[in-house]
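Heads up, the thing below is written out as structure tokens.
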Amino acid sequence: YQGATGFNIMFIVAAVTVVMNIFYFTRYPNPPFEKSEGMKLGAFVLQPFRDTSFRNGLIFLTAWTLIMTMTHPFFSYVMLDVLYVPYQTVANLVILQTVSSMAGFYVCGLLSRKWSERALLIGSLPFIAVASLLWTALNIMPQLLVLVLVFIFLGFGLGAYNQQIFIFMIGSSTKAERPIYIAVFSAITGIA
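In this text, residue positions in the sequence shown follow my numbering: the first is 23, and each later residue adds one.
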């Protein structure tokens, strides 16, 4: 649908899904919060930094997030201003990326029964890297095929990455420490 009609349909669908989301969140069980005992605020905030595994992962993933966040916005620029890809094709590629991301979530969910979160997290990173490297194939392969492959790899990798990153963050923490681990990870990678 052209113009405002298409956007109205999209926003109606979005509004319905938001209401459904609110409904389902209200029905989701809320386990009791476990408070940390005997730690002052400063020691509590520094706790994740004392965890060597978490600290090393945080440093690597922060650098990875910074590099990824700096390069991926150029995908749209290159498609629209350099390759002159139509907006409709760009929109369809983003939809393809979302579907691929859902596949990454699903596959990693199945594999998490057999493999560790660290192995799956590390295994997701090459998919994201390949998505960036595939741009070089524009010289030897058809443009649309390259773009489809880029967004499939990017979506799958990001889906797997996003699922495993949460498991990695809380993997080495106790239930009482999980909020500070999540806060520290989110703050540091958010700054990056």
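Positions of the beta carbon are idealized from the N, C-alpha and C atoms, including for glycine.
Pairwise C-alpha distance: residue j and residue i
i: P7; j: A214; result: The chain is shown only over 23 to 214; residue 7 falls outside these bounds and no answer can be derived.
i: V152; j: N161; result: 16 Å
i: A26; j: I34; result: 12 Å
i: V38; j: F47; result: 14 Å
i: R77; j: K136; result: 25 Å
i: A125; j: M32; result: 23 Å
i: V170; j: S98; result: 13 Å
i: I150; j: F82; result: 15 Å
i: N184; j: A113; result: 22 Å
i: V107; j: D73; result: 47 Å
i: T91; j: I189; result: 21 Å
i: M42; j: G145; result: 33 Å
i: N30; j: I44; result: 21 Å
i: P54; j: W86; result: 34 Å
Chain-order list of residues whose beta-carbon lies under 8 Å from that of residue i (same chain, five-residue window excluded)
i: I192; result: R200, Y203 and I204
i: P70; result: F76, R77, L80, S195, E199, I202, Y203, V206 and F207
i: I210; result: L80 and T84
i: V116; result: F173
Member of the options whose CA lies at the smallest distance from the CA of residue i
i: L167; options: L133, A182 and L118; result: L118
i: V212; options: L80, Y99 and L143; result: It should be pointed out that residue 212 corresponds to Gly in this sequence rather than to Val. Measuring from the Cα of G212, the nearest candidate turns out to be L80.
i: G131; options: R77, F96, Q186 and A141; result: Q186
i: F178; options: R135, S134 and V121; result: V121
i: S134; options: N30, I150 and A182; result: A182
i: Q24; options: F173, Q110 and I44; result: Q110
i: T93; options: S154, L102, T158 and N52; result: S154
Nonlocal neighbours in the same chain, by C-beta distance under 7 Å from residue i, ignoring five residues either side
i: E56; result: K197 and A198
i: F207; result: L80 and M191
i: L105; result: Q165
i: L156; result: V168, L171, V172 and F175
i: L88; result: A214
Per-residue DSSP class, three states only, for residue i
i: S138; result: coil
i: L105; result: coil
i: Y50; result: coil
i: M42; result: helix
i: S195; result: coil
i: I162; result: coil
i: Y183; result: helix
i: A214; result: coil
i: Q24; result: coil
Beta-carbon contacts of residue i that lie in its chain and below 6 Å, excluding the five residues immediately before and after
i: L180; result: S123
i: S138; result: none
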